[in-house]
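Participant:
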Amino acid sequence: MAIRIDEEACMGCESCVELCPDVFEMDADGEKAVVKNPNSTDECVQEAIDSCPAEAISR
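Under the numbering used here, the first residue of the sequence shown carries the number 11, and numbering increases by one thereafter.
Have a look at this one:
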């Protein structure tokens, strides 16, 4: 399943980017996280999902 971020829920805390920089990055404004590799199977993706304070990441 593709990894998705709920843009409205994302608080821009960057925890997903720090945990999994090959999968997530900040948008051009540096305000919200975006998925740059939606089909990643990296183990860090689940860690990012579990650590997101806004619960904005899903698969």
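A virtual CB, placed ideally from N, CA and C, is assigned to each residue, including glycine.
So, for Met36: in the same chain, excluding its five sequence neighbours on each side, which residues have a beta-carbon less than 8 Å away from its beta-carbon?
Facilitator: Gly22, Glu24, Val27, Lys42, Ala43 and Val44
Participant: Using the Cα positions of Met11 and Asn49, report the straight-line distance between them to the nearest angstrom.
Facilitator: 7 Å
Participant: Leaving out five residues on either side along the sequence, give the residues of the same chain with a beta carbon under 7 Å from the beta carbon of Asp52.
Facilitator: Cys30, Asp32 and Val33
Participant: Bridge partners for Ile15 per DSSP, in chain order?
Facilitator: Ile67
Participant: Suppose you measure from the CA of Glu18 to the CA of Glu65; what does that come to, to the nearest Å?
Facilitator: 11 Å
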